[in-house]
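*Asks:* Chains as they are written, first to last, in our numbering: chain Z, 212 to 452; chain H, 2 to 270.
For every residue, glycine included, the Cβ atom is placed at its ideal position computed from N, Cα and C.
From a predicted model like this one, the values you see are computed outputs, not experimental measurements.
Before I ask anything, here is the structure I am working with.
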Amino acid sequence: MTDSGFRLKGSVVTTILLEIQFFSLNDIVYHLKEKIDQVPHFFNQAPIIIDISKMKRGITLEEFETLIQSVSGLGLGVIGWRCDPENLPVWKSSVTIPLLPASKARAISNAATPKEEVSPDVVVKTVVEERLVPQSTKVISKPIRSGQQVYAEGDLIVLAQVSAGAEVLADGNIHVYGALRGRALAGVKGDVEARIFCKSMEAELVSIAGNFMLTDALQDIVWKDSAQVLLVDDNLEIAPL
Amino acid sequence: MAKIIVVTSGKGGVGKTTSSAAIGTGIALKGHKTVIIDFDVGLRNLDLIMGCERRVVYDFVNVINKEATLSQALIKDKRTKNLFILPASQTRDKDALTIEGVQEVLEELAKEFEYIICDSPAGIEKGAQMALYFADAAIVVTNPEVSSVRDSDRILGILQSKSRRAEEGKEPIEEHLLLTRYHPGRVALGEMLSVSDVEDILAIPLLGVIPESEAVLKASNQGTPVILDTISEAGMAYGDAVDRLMGEERPLRFLEVQKKGFIKRLLGG
Numbered sequence: 212m213t214d215s216g217f218r219l220k221g222s223v224v225t226t227i228l229l230e231i232q233f234f235s236l237n238d239i240v241y242h243l244k245e246k247i248d249q250v251p252h253f254f255n256q257a258p259i260i261i262d263i264s265k266m267k268r269g270i271t272l273e274e275f276e277t278l279i280q281s282v283s284g285l286g287l288g289v290i291g292w293r294c295d296p297e298n299l300p301v302w303k304s305s306v307t308i309p310l311l312p313a314s315k316a317r318a319i320s321n322a323a324t325p326k327e328e329v330s331p332d333v334v335v336k337t338v339v340e341e342r343l344v345p346q347s348t349k350v351i352s353k354p355i356r357s358g359q360q361v362y363a364e365g366d367l368i369v370l371a372q373v374s375a376g377a378e379v380l381a382d383g384n385i386h387v388y389g390a391l392r393g394r395a396l397a398g399v400k401g402d403v404e405a406r407i408f409c410k411s412m413e414a415e416l417v418s419i420a421g422n423f424m425l426t427d428a429l430q431d432i433v434w435k436d437s438a439q440v441l442l443v444d445d446n447l448e449i450a451p452l
Numbered sequence: 002m003a004k005i006i007v008v009t010s011g012k013g014g015v016g017k018t019t020s021s022a023a024i025g026t027g028i029a030l031k032g033h034k035t036v037i038i039d040f041d042v043g044l045r046n047l048d049l050i051m052g053c054e055r056r057v058v059y060d061f062v063n064v065i066n067k068e069a070t071l072s073q074a075l076i077k078d079k080r081t082k083n084l085f086i087l088p089a090s091q092t093r094d095k096d097a098l099t100i101e102g103v104q105e106v107l108e109e110l111a112k113e114f115e116y117i118i119c120d121s122p123a124g125i126e127k128g129a130q131m132a133l134y135f136a137d138a139a140i141v142v143t144n145p146e147v148s149s150v151r152d153s154d155r156i157l158g159i160l161q162s163k164s165r166r167a168e169e170g171k172e173p174i175e176e177h178l179l180l181t182r183y184h185p186g187r188v189a190l191g192e193m194l195s196v197s198d199v200e201d202i203l204a205i206p207l208l209g210v211i212p213e214s215e216a217v218l219k220a221s222n223q224g225t226p227v228i229l230d231t232i233s234e235a236g237m238a239y240g241d242a243v244d245r246l247m248g249e250e251r252p253l254r255f256l257e258v259q260k261k262g263f264i265k266r267l268l269g270g
């Protein structure tokens, strides 16, 4: 299996999206630097994607290359760019960084909400901004059945079971006061402090800020018993309660 | 006011139509005027199980399309008093059903009947959603195996989110679990989920457990609801389930492995 010296694997990583609305290099660099200075450790070498799909007026290749250089110059790692697939620029294959597939509808609708807080020309969607919004707790008292999906912007409390094939997601913590048989994803916007608590761990998948573990691995640690899931130095830790 | 009960499962072949026929007959036997509607447009089976396939002239879709009146389409059961069947169309598909059309038919039936049993098609698509949309109660038919239990869980989610009661924010649909094709011997060997396993996963009240029985196939082929076979275990178990549905207390039967008697063993029976 390891004859080749490597293995190819899929991975999900939380990144920052820089959504450009119109090109004004000085303003973008100025406001972005301001954001970075607020939490420099968070942005240091952080992966970032430049999204030009919201630009009403197009952008030239030179302008785009300068933008990439300026963003890199601020200490961010530009890993790719995105564009409206209907509106791809002619120079698309000349760009040195990879073109990533357009985001799904959910990401677009999320981008629409926090508009008031950010400067008009740059939308930086980061964990830090999400935390500024007061988090509400969602309480569900009925079982969450196979095929159902529940998402909470803050914490999620389920007073019944989460069936196999169901999915619960929260920006914050997830509490399940019943059997957790489906998938539970806490800290979906990147909160590494989020945790999952459940009365009976029988999950298909648990994830915190994109770090996940599947049934097979869980069975060896805690199974059909109360447990909490937390992230310690980028590693998921499952502890009995 | 009539009570609308949907018999549903998600998965096919678990015994929805058999259960609809048996429970509908059981309720009618208790003196309540009952109608069973076949929602499986295009794959009509209820009339076969009820043994009235030769008497089908007009069907549910004809009534929805106003090509026939309800009284023309309703078939009166020959064996059981108070029991009527509204057959599905064999030549149409599920698109022939509309929410407005179904509602109109149900409202008219509600004037005359006490219980309306909706025999749902398999799946979670339009036909199944149409059958459960107006329900007051649901009987979720499940076999003791994982895929059937998973599909039942899915349909329970749909009952909670896509029914009229859910959409109008009324009291949720009353849920009942009916476990069919239960084989105590195979449960003991660990080849089948036990009653408590299924109850644990689905977390809804148990209406009854119908043991796997040759009587069911025999009854289907003869076009007689199995509940009328009162000496078979399946028939008796359906009888118990109907009693519980009517609010009576009945202990669960036929959950243990039957020990063969000495004589039976001797005769190889």
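Run the CB neighbour count on residue 142 (chain H), radius 10 Å, all protein chains shown included, and call it buried at 16 or more, exposed below.
*Replies:* When all chains shown are included, residue 142 (chain H) counts as buried.
*Asks:* So, with DSSP's three-state summary, where would you put residue 60 (chain H)?
*Replies:* DSSP places residue 60 (chain H) in coil when its eight states are reduced to three.
*Asks:* Which residue comes first and which comes last in the alpha helix (DSSP H) that contains residue 384 (chain Z)?
*Replies:* It is not in any alpha helix (DSSP H) - residue 384 (chain Z) carries neither H nor E in the DSSP assignment.
*Asks:* Can you give me the Cβ contacts of residue 111 (chain H) inside the same chain, cut-off strictly under 6 Å, excluding the 5 residues immediately before and after it?
*Replies:* So the qualifying residues of the chain are 3.
*Asks:* Could you confirm whether any beta carbon from chain H is found closer than 9 Å to the beta carbon of residue 355 (chain Z)?
*Replies:* Judged by the 9 Å Cβ criterion, residue 355 (chain Z) is in contact with chain H.
*Asks:* By DSSP, does residue 51 (chain H) sit in helix, in strand, or in coil?
*Replies:* Residue state, collapsed to three classes: coil.
*Asks:* In three-state DSSP terms, what is residue 252 (chain Z)?
*Replies:* Note: residue 252 (chain Z) maps to helix in three-state DSSP.
*Asks:* Residue 157 (chain H) versus chain Z: which residues are under 9 Å apart at the beta carbon?
*Replies:* Per Cβ cutoff of 9 Å: 354, 356, 357 and 374.
*Asks:* Is it buried or exposed for residue 92 (chain H), if we count other Cβ within 10 angstroms and need 16 for buried?
*Replies:* By the neighbour-count rule (16 or more Cβ atoms within 10 Å), residue 92 (chain H) is not buried but exposed.
*Asks:* Does DSSP classify residue 3 (chain H) as helix, strand or coil?
*Replies:* Residue 3 (chain H) falls in the coil class under three-state DSSP.
*Asks:* Using a Cβ-Cβ cut-off of less than 7 Å, list which residues of the region 134-161 of chain H approach chain Z; keep chain order.
*Replies:* Here the close residues are 151, 154, 155, 157, 158 and 161.
*Asks:* Keeping to the same chain, check which residues put their C-beta closer than 7 Å to that of residue 107 (chain H); ignore five residues upstream and five downstream.
*Replies:* Around residue 107 (chain H): 5, 117 and 135.
*Asks:* Any Cβ of chain Z within less than 9 Å of the Cβ of residue 201 (chain H)?
*Replies:* With 9 Å as the cut-off, residue 201 (chain H) counts as an interface residue toward chain Z.
*Asks:* Along the chain, which unbroken stretches of the alpha helix (DSSP H) at least 4 residues long are found entirely within the region 155-235 of chain H?
*Replies:* Here the runs fully enclosed are 165-168, 185-189, 196-203 and 215-223.
*Asks:* For residue 303 (chain Z), collect the residues of the same chain with a Cβ closer than 8 Å to its Cβ; drop the 5 residues on either side in sequence, then sort them by chain order.
*Replies:* If we look at residue 303 (chain Z) and ignore the five residues flanking it on each side, its Cβ neighbours are 294 and 310.
*Asks:* Pull up the distance between the alpha-carbon of residue 76 (chain H) and that of residue 426 (chain Z), whole angstroms please.
*Replies:* Roughly 52 Å separates the two Cα atoms.
*Asks:* Just confirm the distance between the C-beta atoms of residue 183 (chain H) and residue 210 (chain H), as a whole number of angstroms; I'd bet it's less than 8 Å.
*Replies:* Yes, they are in contact, since the Cβ atoms of residue 183 (chain H) and residue 210 (chain H) sit about 5 Å apart, within 8 Å.
*Asks:* Quick check on residue 272 (chain H) - is its C-beta less than 9 Å from some C-beta in chain Z?
*Replies:* Summary: the structure shown does not reach residue 272 (chain H), with chain H confined to residues 2 through 270, and so no result is reported for it.
*Asks:* I need the straight-line Cα distance from residue 103 (chain H) to residue 379 (chain Z), nearest angstrom please.
*Replies:* Looking at the two C-alpha atoms, the distance is approximately 34 Å.
*Asks:* Smallest Cα separation from residue 27 (chain H): which of H:206, H:212, H:245 and H:256?
*Replies:* Per the Cα distances, H:245.
*Asks:* Grab me the residues of residue 174 (chain H)'s own chain with a C-beta within less than 7 Å of its C-beta, minus the 5 sequence neighbours each way, in chain order.
*Replies:* Here the set comprises 136, 137, 138, 139, 160, 164 and 166.
*Asks:* Excluding the 5 residues preceding and the 5 following residue 424 (chain Z) in the sequence, name in chain order all residues of the same chain whose CB lies nearer than 6 Å to its CB.
*Replies:* Contacts found: 417 and 447.
*Asks:* Counting only beta-carbon separations shorter than 9 Å, does residue 371 (chain Z) have a partner in chain H?
*Replies:* So yes, residue 371 (chain Z) belongs to the interface.
*Asks:* Compute the distance between the beta-carbons of residue 364 (chain Z) and residue 349 (chain Z), then report whether it is under 9 Å.
*Replies:* Yes, these two residues count as a Cβ contact at 9 Å.
*Asks:* Touching or not, the region 57-75 of chain H and the region 14-29 of chain H, by the rule of three or more beta carbon pairs under 8 Å?
*Replies:* Segments in contact, no.
*Asks:* How long is the line joining the alpha carbons of residue 271 (chain H) and residue 51 (chain H), rounded to whole angstroms?
*Replies:* Limits of chain H in this structure are 2 at one end and 270 at the other, which puts residue 271 (chain H) out of reach.
*Asks:* Quick one: grab the DSSP three-state call for residue 323 (chain Z).
*Replies:* At residue 323 (chain Z), the pLDDT of 46 sits below 50, so the modelled position is not reliable; the number obtained from the coordinates is stated separately. Three-state result, residue 323 (chain Z): helix.
*Asks:* Just checking: is the beta-carbon of residue 394 (chain Z) within a distance shorter than 9 Å of some beta-carbon in chain H?
*Replies:* Not one chain H Cβ lies under 9 Å of residue 394 (chain Z).
*Asks:* Considering Cα atoms alone, identify which of Z:362, Z:428, Z:421 and Z:287 is closest to residue 347 (chain Z).
*Replies:* With distances taken between Cα atoms, residue 347 (chain Z) lies closest to Z:362.
*Asks:* Check the DSSP bridge columns for residue 113 (chain H) and list the partner residues they point to.
*Replies:* Beta-bridge pairing links residue 113 (chain H) to no other residue.
*Asks:* Which residues does DSSP list as the beta-bridge partners of residue 453 (chain Z)?
*Replies:* Lying outside 212 to 452, the shown extent of chain Z, residue 453 (chain Z) is not represented and no answer is given.
*Asks:* What's the C-alpha gap between residue 177 (chain H) and residue 157 (chain H)?
*Replies:* If you take the alpha carbons of residue 177 (chain H) and residue 157 (chain H), they lie about 10 Å apart.
*Asks:* Select from the region 195-229 of chain H all residues with a C-beta closer than 9 Å to any C-beta belonging to chain Z, and list them in chain order.
*Replies:* Residues 201, 202, 203, 204 and 205.
*Asks:* Using DSSP's beta-bridge definition, name the partner residues of residue 412 (chain Z).
*Replies:* Z:391.
*Asks:* Considering only the beta carbon of each residue, do residue 373 (chain Z) and residue 383 (chain Z) sit closer than 9 Å?
*Replies:* No, the pair does not count as a contact, with Cβ atoms beyond the cut-off.
*Asks:* Residue 125 (chain H) CB to nearest chain Z CB: under 9 Å?
*Replies:* It does: the Cβ of residue 125 (chain H) has a partner Cβ on chain Z nearer than 9 Å.
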